[in-house]
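The structure appears right after this line, and notes come after that.
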Amino acid sequence: MASAPVQDVVASVPAAPPSAEGDAAAALASPTAATPATTPAEAPVESAEAEQQEPAPPAVDPAVQAFNDQLKAARESPSDFDQWTKLITATEKLGDITKLREVYDDFLAEFPLCYGYWKKYADAEVRAGAPEQAAIVFQRGVAAVPYSVDLWGHYTTFRQNQQAEPDDVRGIFEQGLAYVGTDFLSHSLWDKYISFELSKNETGRVAQLYQRLLATPIRDLDRYHTSFVEFAGARPASSMLAPEEHARISAAASWLAGLEQVYQGTKQEQGRRQPFEGGIKRPYFHIKPLDTAQLSNWTRYLDFAEKAGDPGATLRLYERCLVPCASYAEYWSRYARYLEDSGDVEGARAAIQRATLVHCKQQPAAHLHAGLFEERHKNIEAARAAIVLAQEKLAPGLLAAIVARANFERRQEQRSAACAVFADAIEREGAAKEGQGSTTYPFLVLQYAAFLLAAFKDATAARELLNSALASHPGLLRLWEGAIHFEDSVAAPDRAERVMSLYKRATSGDSKPALTDAERKELSERSVTFADLHCDANAAEQAAAAHASLARLLAPKADAKKRTADDAAGGPAAKQAKVQPASQAADPAAASAAMQHPAQAAAAGYYGQQGYNYSGYYPYQAPAQQYSAAYPGYGY
31 MASAPVQDVV ASVPAAPPSA EGDAAAALAS PTAATPATTP AEAPVESAEA
81 EQQEPAPPAV DPAVQAFNDQ LKAARESPSD FDQWTKLITA TEKLGDITKL
131 REVYDDFLAE FPLCYGYWKK YADAEVRAGA PEQAAIVFQR GVAAVPYSVD
181 LWGHYTTFRQ NQQAEPDDVR GIFEQGLAYV GTDFLSHSLW DKYISFELSK
231 NETGRVAQLY QRLLATPIRD LDRYHTSFVE FAGARPASSM LAPEEHARIS
281 AAASWLAGLE QVYQGTKQEQ GRRQPFEGGI KRPYFHIKPL DTAQLSNWTR
331 YLDFAEKAGD PGATLRLYER CLVPCASYAE YWSRYARYLE DSGDVEGARA
381 AIQRATLVHC KQQPAAHLHA GLFEERHKNI EAARAAIVLA QEKLAPGLLA
431 AIVARANFER RQEQRSAACA VFADAIEREG AAKEGQGSTT YPFLVLQYAA
481 FLLAAFKDAT AARELLNSAL ASHPGLLRLW EGAIHFEDSV AAPDRAERVM
531 SLYKRATSGD SKPALTDAER KELSERSVTF ADLHCDANAA EQAAAAHASL
581 ARLLAPKADA KKRTADDAAG GPAAKQAKVQ PASQAADPAA ASAAMQHPAQ
631 AAAAGYYGQQ GYNYSGYYPY QAPAQQYSAA YPGYGY
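Under this note's numbering, the final residue of the sequence shown carries the number 666; numbering is consecutive throughout.
Next up, the structure:
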C-alpha cells in the first residue's frame with residue numbers, strides 16, 4: 031500500500047465486564063484476595079478449580095471483525111479493486127474518520143482515477159465536520175484526475191455550498207474548464223458555470239461564457255446556440271459586452287453576426303468529431319477491459335487529432351483517452367512518443383512514470399518501453415533498472431523481456447552480460463518439468479543461437495549451444511526444427527551436409543527421450559525434399575533410402591495401432607462384412623496403390639509431393655510474434 035498501513039482495531043474494543051464466575055476465579059487466583067479459611071486438605075481442590083476457571087476472552091464487535099478481515103484481504107491483494115470496495119464499506123461502518131482516511135488514502139494511491147471515490151472521501155469529511163479536509167481531498171482529487179468533468183463539477187458545488195467567495199468559485203470553474211472545457215461531454219460543467227453567474231446577476235460574464243461556448247465543438251453546441259439567442263434577445267447589448275468590446279462594436283447586430291459565423295465554423299468541427307465521440311461508450315476509468323471497438327475508436331481518434339495539427343487539442347484528447355485506457359501500456363507509450371516528438375522530453379518522461387509507477391506498474395511492456403526511452407536519452411542505469419525489473423521481477427519467463435535485456439546489454443557492448451541473460455534463462459527453463467524443459471525452453475535456445483549469430487557473428491558458439499540443447503532435450507521437435515533452420519540459413523560451404531546431418535540425428539531415434547514416430551517420419555520426409563533440392567544425386571538417393579528404411583521400421587507399429595482400432599470397431603467378422611468403396615474399386619491405380627507395402631507407397635510419393643515450406647523450420651517465429659503482440663508497447 032502506498033501510505034502507512036491501517037492498524038487492526040481489535041485491541042481498541044473494551045473488554046466485556048467479567049461474570050460472577052470470573053470474579054470468583056479472579057479472587058481465587060489473586061494472592062491478596064480475601065478468602066475464607068480453608069483446611070490443608072481443601073486447599074488443593076480450590077486451587078485446581080481456580081486454575082480451570084480462566085477469564086472469558088474479550089468480545090469482538092462484528093463490525094470490527096469485518097474490518098480486520100477485509101483489511102487483511104486488501105493487504106494480501108492490493109490490486110484487487112473489489113476487495114478494496116469491501117474494505118471501504120467495512121471501514122465506514124466503524125464510524126472512525128481516522129481509519130477511513132487511511133483506507134481511502136491507500137485505495138486512491140492504487141486507483142487514483144476513480145473520481146467517484148474522491149467525491150465519497152470528501153463527503154465523509156463533511157459528515158465528520160471537517161470541511162477544510164474535504165476541500166483538501168477535492169484539491170487532491172482534481173490533481174489526480176484533472177480531466178474528469180464530473181469531479182470538477184462536484185468541487186465547484188462543494189465550494190458554493192461552503193459559501194466561498196464568488197471569485198474563488200470562478201477560479202475553480204476556470205481551472206476545470208482549462209482541462210475539460212473542450213471535452214465533448216463537458217456541458218454539465220458549463221451549465222453549472224452559467225447558472226452560477228446568473229445567480230450573481232453577472233449578465234456580462236454569462237454572455238462571455240456563451241461566446242466561448244459557441245467556439246467550442248462540444249455535444250450540446252446547438253442547445254447553447256439556441257439558449258444564447260434567447261438570452262441575447264431579452265437583454266440590451268450594453269449589458270452583455272465588456273467596455274472595450276462595446277467601444278469596438280457599435281451595434282449588437284454586428285456582434286451577433288460575428289458569433290453566428292463562429293458558431294457555424296464550430297459546428298463543422300463538431301461534425302468531424304462526432305463519429306469518434308459517438309464511439310466512446312465508457313469515458314471513465316474502470317478495471318474491466320474495454321472492447322476492441324472502443325480501443326480501435328480511440329486509436330483512430332488520436333490519429334485524427336494528430337493529423338489536424340492542434341497541439342493543445344491533441345494533448346487534451348490524449349489525457350481524456352488515458353482515463354478509460356489507463357490500464358493499456360500501449361496508449362501511454364504512444365502518448366510519450368507524441369510528447370517526445372513534439373520536443374517535450376520531460377513531459378514524455380512524466381507520462382512514462384505515470385504508467386510505470388501507477389497505472390501499468392505490473393505490466394512488463396510499460397517498463398520495457400521506459401528502458402528504451404531512458405537508453406535513448408543516455409540514462410543508462412535508469413534504463414537498465416527498468417528492463418531488469420521487467421525481466422527479473424514481473425515476468426522472468428517472458429521471451430520479449432529476456433531478448434530486450436540481452437539486446438540492451440549488447441548495445442552497451444557488454445557481451446558477457448548479454449549472454450548471461452540468455453544462459454540464466456535457458457538453465458532455469460531447461461530444468462523445468464523434471465528436466466524435460468518448459469514450453470519456453472526451445473524458443474529461448476533458438477533465440478540465443480540467432481542472437482549469437484546476428485549480434486556477434488559467432489556461428490561456432492551458436493552451434494555449440496544448439497548441440498548441447500539437443501543432447502539434453504532430444505525429444506523437442508521445435509528444437510530440431512530450429513537447429514535445422516539455423517544451419518540452412520548460415521551461408522557456409524558445408525551448409526547442406528550440416529543440415530542433412532541434423533536430419534539424420536533427429537530421425538535415428540537413438541537418443542532418449544526421442545521424438546515420436548510421427549515426428550521422426552515427418553522430418554524424414556522433409557530430409558528427402560531438402561536433399562533433392564540442395565544435394566547431389568548420391569545424397570538424394572541416400573536420403574530416399576533412409577526414409578524408406580524408416581518407413582519399413584515404423585510400419586509394423588502403425589499396423590499394430592490399426593489392428594487395435596479395428597478390433598475395437600468390431601473384430602475380424604466386422605472387417606469381413608465391410609464392402610470396398612465403389613470409387614476405390616473403379617480406380618485400378620488406387621487399388622494397386624492400396625496393395626503396395628506401406629514403404630513402397632511412401633517411396634512412390636517422395637518426388638510427387640509439393641516443396642516443403644521452409645518457414646516451418648523456424649516455428650518459434652510465430653510464438654515470438656505472439657509475445658510481441660501481447661506487449662505492443664515494446665518494439666524491437
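Quick reminder that beta carbons are idealized off the backbone N, C-alpha and C, glycines included.
Nonlocal neighbours in the same chain, by C-beta distance under 7 Å from residue i, ignoring five residues either side
i    : result
E517 : R525, R528, V529, L532
A485 : R440
F97  : V39, A120, T121, L124
A607 : Confidence at A607 is low in this model, with a pLDDT of 40, below 50, so its placement is unreliable and no value can be given for it.
E349 : Y177
L243 : W220, Y254
L507 : L545, E549
A381 : W362, Y365, A366, L369
Cutoff 6 Å; reference residue i; Cβ partners in own chain excluding five residues on either side
i    : result
H397 : T386, A416, L419, A420
L207 : none
F438 : I417
H184 : K149
S554 : T537, H577, L580
A23  : The question about residue 23 has no answer, for the chain in this structure spans 31 to 666.
Min CB distance residue i to chain B below 7 Å
i    : result
A208 : Absent from the structure is chain B; it holds one protein chain and no more.
Chain-order list of residues whose beta-carbon lies under 8 Å from that of residue i (same chain, five-residue window excluded)
i    : result
A426 : For clarity, residue 426 is Pro in the given sequence; the question names Ala instead. Counting only Cβ-Cβ distances below 8 Å, and skipping sequence neighbours, we find A455, R458.
Y644 : Unreliable placement is indicated for Y644, whose pLDDT of 35 sits below 50; no coordinate value is reported for it.
A521 : none
Residue i, DSSP secondary structure in three states
i    : result
V175 : coil
G288 : helix
H577 : helix
G401 : helix
V167 : helix
Q442 : coil
G159 : coil
C449 : helix
G295 : helix
V133 : helix
V388 : helix
H515 : helix
P472 : helix
N98  : helix
P523 : coil
S109 : coil
G146 : helix
A152 : helix
Q421 : helix
K463 : coil
Exposure label - residue i; buried when at least 16 CB within 10 Å
i    : result
I202 : buried
G460 : buried
K129 : buried
R157 : exposed
S357 : buried
S363 : buried
D198 : exposed
A436 : buried
D99  : exposed
Q193 : exposed
G171 : buried
G401 : buried
D136 : buried
T186 : buried
A366 : buried
R406 : exposed
L239 : buried
P504 : buried
- prompt: Is it true that the stretch 215-228 meets the stretch 323-343, where meeting means three or more beta-carbon pairs spaced less than 8 Å apart?
  reply: no
Alpha helix (DSSP H) runs wholly inside the stretch 179-250, at least 4 long, in chain order: 179-191, 196-210, 217-229, 233-243
task: Taking only runs that begin and end inside the stretch 300-379, name each unbroken alpha helix (DSSP H) of 4 or more residues, in chain order.
output: 322-338, 341-351, 359-371
field: Given 8 Å, three or more beta-carbon pairs between the stretch 245-255 and the stretch 199-218
entry: yes
message: Check whether the stretch 166-176 and the stretch 140-156 are in contact - that is, three or more C-beta pairs closer than 8 Å.
response: yes
- prompt: Taking one C-beta from the stretch 474-481 and one from the stretch 443-452 each time, how about it: are there three or more such pairs within less than 8 Å?
  reply: yes
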